[in-house]
Amino acid sequence: MDTIWFLSLLFLTCFLLFAAFKRKKQQRLPPSPPGFPIIGNLHQLGELIHQSLWTLSKKYGPVMLLKFGRVPTVIVSSSETAKQVLKIHDLHCCSRPSSAGPRELSYNYLDIAFSPFNDYWKELKRMCVQELFNVKRIHSIQPIKEEEVKKMIDSIAESASEKTPVNLSEKFLSLTVGVICKAAFGVSFHGTVLNNERFDKLILESFLFLGSFSASDFFPNGGWIIDWLTGLQARRERSVRDLDAFYEQMFDLHKDGNKEGVEDFVDLLLRLEKEETVLGHGKLTRNHIKAILMNVLIGAIGTSAITMTWAMAELMRNPRAMKKVQSEIRNQMGNKSMITLDDVDQFHYLKMVIKETWRLHPPAPLLVPREVMSEFEINGYTIQPKTLLYVNVWAIGRDPDTWRDPEMFLPERFVDKNIDAKGQNFELLPFGSGRRICPAIYMGTSMVEFGLANMLYHFDWELPEGMAVEDIDMEESPGLNVSKKNELLLVPVKYLDH
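Take the sequence shown: its letters are residues -20 to -1, 1 to 478, numbered as in mature numbering (1 follows the signal peptide of the UniProt record, and there is no 0).
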């Protein structure tokens, strides 16, 4: 009897091993560049990771498997494969990778901010869209936009009278900070405890460290030591502490409620915390609120400023497009002193300029990484659970199979083409798509349109003395949001005397 049981167990074991071997043999993994032991393909990544991955994809195809340390990573680099990931198989890979390595207490809300897409985040996204990013809300904050844009125009007008260059990268960042912080947080940075010169730098540092590759993410059992030795851990902790101090200052300003009697977004979140509101499977906590504010800051402030800067740089390099977009705006406006939202809706060529800017310079070139939750296939390749997944929208924007003359800045390519940035046209994905799409699409788009329209309407623009069009550099900076590496300096010339 014992012999029968032993043989049965042996047969079952052999059968299971054979089935597992056969299944593994049937799996077809994506092509992969050769790597080294331990580090995998990390040595093939340069400072601008999206460009390195684009170069590799030219050889290994639009679905590519790499090893980042011990973490298997798939990169998709075409509109067709992006559609499979973000639409067809969205449910299989809408989670976020968890962070590894020791963290200080102040890091907790960063882990929350990039946590898996669960019932909790569904509720938060619904609330953000309903309370902050809906069309009615965008129209209600138009006076704030107009006030902040007027401040920017007035400050630039002073430089125009003196014929001195203006740092547009700085101006656009200050504009979006002013609008978002007033609209979402009910706080003005002018004349308050929050008005310090470190804030803009703090935002830029946040883009950098959130987009950087951390050794602790790819070597869970000791990578944090590398981050500590390189100084990355210290820089991250310093930025997180500064952000934490910023949030605490904001909470103090909201402690007694809004004196004007109007509940802003922070008031709403603090009230929900006080009422012990349940979202998903848990109560809303102070760290949850900080995570939400982190997403608003990173998602709304940086992307708008970056897009406006790149658009102005491209227009300066393409005088024909500059003349065409300014003529459109000025012909529509006549001699009016202020552009309205209704005016912006008529600027069709401006909208094409912005789409073309997003195509060449998507603010988040790799979107935010996803983690595969269950097995699925792309182009016949098996994508396994626990795989990290990136969508290289920067590469998609330069795909010659999708775009004619992809390196050229040509807004006219969108004429008579029903392509928008709402996540359903996978050749243009500045805000992502699927369950993880950025909820601030309308707010971000309207901010860019309104800011650019005013800059192009009120001023003509010249290069600093001794500089030619060919001298405008288009180098990118590393980070989660890829901005122009060197600040854009232009000389304004007043068009109107209002």
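Quick reminder that beta carbons are idealized off the backbone N, C-alpha and C, glycines included.
Stretch-stretch touch, CB-based, cutoff 8 angstroms, three pairs: the segment 274 to 291 with the segment 460 to 472: They touch, by the three-pair rule.
Can you check which of these residues, His119, Gly414, Tyr475, is closest to Lys316 by C-alpha distance? Your numbering for residue 316 matches position 336 in the sequence shown. For the residues His119, Gly414, Tyr475, the minimum Cα distance to Lys316 belongs to Tyr475.
Those residues which DSSP pairs with Lys474 across a bridge: Translated into positions along the sequence shown, residue 474 becomes position 494. Here Lys474 is bridged, per DSSP, to Phe439.
Exposed or buried, which one is Met388 when buried takes at least 16 other CB atoms within 10 Å? Counting from 1 along the sequence shown, the entry for residue 388 is found at position 408. By the neighbour-count rule (16 or more Cβ atoms within 10 Å), Met388 is not buried but exposed.
Report the residue ranges of all alpha helix (DSSP H) runs contained in full by the segment 325 to 392; include only those spanning at least 4 residues, in chain order. You should have 328 to 340, 373 to 376.
Going straight from the alpha carbon of Met447 to that of Leu470, what length do you get? Walking along the sequence shown from the start, residue 447 turns up at place 467. Walking along the sequence shown from the start, residue 470 turns up at place 490. Going by the C-alpha atoms only, they are around 10 angstroms apart.
Span separating the alpha-carbon of Leu233 from that of Pro458: By 1-based counting over the sequence shown, the position of residue 233 is 253. By 1-based counting over the sequence shown, the position of residue 458 is 478. C-alpha separation (whole angstroms): 34 angstroms.
Does the pairing of the segment 267 to 275 with the segment 318 to 326 give three or more beta-carbon distances under 8 angstroms? The segment 267 to 275 vs the segment 318 to 326: no contact.
Looking at C-beta atoms only, is the number of pairs between the segment 356 to 364 and the segment 55 to 71 that lie closer than 8 angstroms three or more? Yes, they touch.
In this structure, how does DSSP classify Gly424 when only helix, strand and coil are distinguished? Here the question's residue 424 lines up with position 444 in the sequence shown. In the structure shown, Gly424 falls within a helical segment according to DSSP collapsed to helix, strand and coil.
Identity of the residues DSSP links to Met44 by a beta bridge: Numbered from 1 along the sequence shown, position 64 holds the residue referred to as residue 44. In the DSSP output, where bridge partners are listed per residue, Met44 has Ile55.
Taking the alpha carbon of Glu407 as the reference point, which residue from Asp381, Pro391, Lys162 has its own alpha carbon closest? Numbered from 1 along the sequence shown, position 427 holds the residue referred to as residue 407. It is Asp381.
As assigned by DSSP and simplified to three states, the class of Glu228: Counted from its first residue, the sequence shown places residue 228 at position 248. Taken through DSSP and simplified to helix, strand or coil, Glu228 comes out as helix.
Selection from Ser413, Ile376, Ala293, Arg300 that minimises the alpha carbon distance to Val348: One-based indexing of the sequence shown puts residue 348 at position 368. For Val348, the nearest C-alpha among the options comes from Ser413.
Going by DSSP, what residue range makes up the alpha helix (DSSP H) through Pro123? Counting from 1 along the sequence shown, the entry for residue 123 is found at position 143. Counting along the chain, the alpha helix (DSSP H) containing Pro123 begins and ends at 122 to 142.
May I ask you to report which of helix, strand or coil DSSP gives Gly431? As a first step, residue 431 is located in the sequence shown; it is residue number 451 there, counting from the start. Residue state, collapsed to three classes: helix.
For Asn221, tell me which candidate among Leu182, Gly211, Ile205 has the shortest Cα-Cα distance. As a position in the sequence shown, residue 221 is number 241, starting the count at 1. The question names Asn, yet the displayed sequence has Arg at residue 221. It is Leu182 whose Cα lies nearest to the Cα of Arg221.
Please identify the residue among Ser186, Asp197, Gln213, Gly403 whose C-alpha is closest to the C-alpha of Asp224. As a position in the sequence shown, residue 224 is number 244, starting the count at 1. Scanning Ser186, Asp197, Gln213, Gly403 for the CA closest to the CA of Asp224 turns up Ser186.
Closest by C-alpha distance to Met313, when choosing among Gly377, Leu436, Gly424: Working through the sequence shown from its first residue, we reach residue 313 at position 333. The shortest C-alpha separation from Met313 is found at Leu436.
Output yes or no for whether 8 angstroms exceeds the beta carbon distance between Ile55 and Asn405. Position 75 of the sequence shown, counted from the first residue, corresponds to residue 55. Position 425 of the sequence shown, counted from the first residue, corresponds to residue 405. Taking 8 angstroms as the Cβ cut-off, Ile55 and Asn405 do not qualify as a contacting pair.
Is Pro14 near Leu45, with beta carbons less than 8 angstroms apart? Within the sequence shown, the letter at position 34 stands for residue 14. Within the sequence shown, the letter at position 65 stands for residue 45. Not a contact, by the Cβ cut-off of 8 angstroms.
With DSSP as the reference, label Phe394 as helix, strand or coil. On the sequence shown, residue 394 is found 414 positions in, with the first residue counted as 1. Note: Phe394 maps to helix in three-state DSSP.
In whole angstroms, what is the alpha-carbon distance linking Glu103 and Ala420? Mapped onto the sequence shown, residue 103 falls at position 123. Mapped onto the sequence shown, residue 420 falls at position 440. Within the model, the alpha-carbon separation for Glu103 versus Ala420 is close to 15 angstroms.
So the candidates are Ala140, Ala163, Ile136; which of them puts its Cα closest to the Cα of Phe152? As a first step, residue 152 must be located in the sequence shown, where it is residue number 172. That would be Ile136, whose Cα lies nearest to the Cα of Phe152.
Would Glu355 and Pro77 be called neighbours here (beta carbons separated by less than 8 angstroms)? Taking the sequence shown and counting its residues from 1, one reaches residue 355 at position 375. Taking the sequence shown and counting its residues from 1, one reaches residue 77 at position 97. Result no, Cβ atoms of Glu355 and Pro77 do not sit closer than 8 angstroms.
Does Ser196 come out as helix, strand or coil in the three-state DSSP assignment? Taking the first residue of the sequence shown as 1, we reach residue 196 at position 216. Annotated three-state conformation of Ser196 is helix, per DSSP.
In whole angstroms, give me the CA-to-CA distance for Leu468 and Pro17. The residue given as residue 468 occupies position 488 in the sequence shown. The residue given as residue 17 occupies position 37 in the sequence shown. C-alpha separation (whole angstroms): 42 angstroms.
Decide if Ile376 is buried, meaning its Cβ has at least 16 other Cβ atoms within 10 Å, or exposed. Position 396 of the sequence shown, counted from the start, is the residue given in the question as residue 376. Counting other Cβ atoms within 10 Å of its Cβ, Ile376 reaches 16 or more and is therefore classed as buried.
Give the DSSP-derived three-state secondary structure of Gly262 in the structure shown. In the sequence shown, counting from the first residue as 1, residue 262 sits at position 282. Note: Gly262 maps to strand in three-state DSSP.
Quick check on the burial criterion: 16 or more other C-beta atoms within 10 angstroms. Buried or exposed for Lys397? The residue you call residue 397 lines up with position 417 of the sequence shown. With fewer than 16 other Cβ atoms from the protein chains shown falling within 10 Å of its own Cβ, Lys397 counts as exposed.
Measuring straight from C-alpha to C-alpha, what distance separates residue 528 and Pro386? Only positions -20 to 478 of the chain appear in the structure, and residue 528 is not among them; the question remains open.
Under DSSP, the alpha helix (DSSP H) around Ile160 begins and ends at which residues? Taking the first residue of the sequence shown as position 1, residue 160 is located at position 180. For Ile160, the enclosing alpha helix (DSSP H) stretches over residues 148 to 165.
Provide the residue span of the alpha helix (DSSP H) that contains Asn21, from first to last. Numbered from its first residue, the sequence shown carries residue 21 at position 41. Here Asn21 belongs to no alpha helix (DSSP H), and DSSP marks it neither H nor E.
Is the CB-CB distance between Ser194 and Leu209 below 8 angstroms? Counting from 1 along the sequence shown, the entry for residue 194 is found at position 214. Counting from 1 along the sequence shown, the entry for residue 209 is found at position 229. No, they are not a contact pair.
If you pair each beta-carbon of the segment 148 to 163 with each one of the segment 297 to 314, do three or more pairs fall below 8 angstroms? Between the segment 148 to 163 and the segment 297 to 314, the count of C-beta pairs closer than 8 angstroms stays below three; the two stretches do not touch.
Roughly how many angstroms lie between the CA atoms of Asp451 and Ile399, to the nearest whole one? The residue given as residue 451 occupies position 471 in the sequence shown. The residue given as residue 399 occupies position 419 in the sequence shown. If I take the Cα positions, the gap works out to 32 angstroms.
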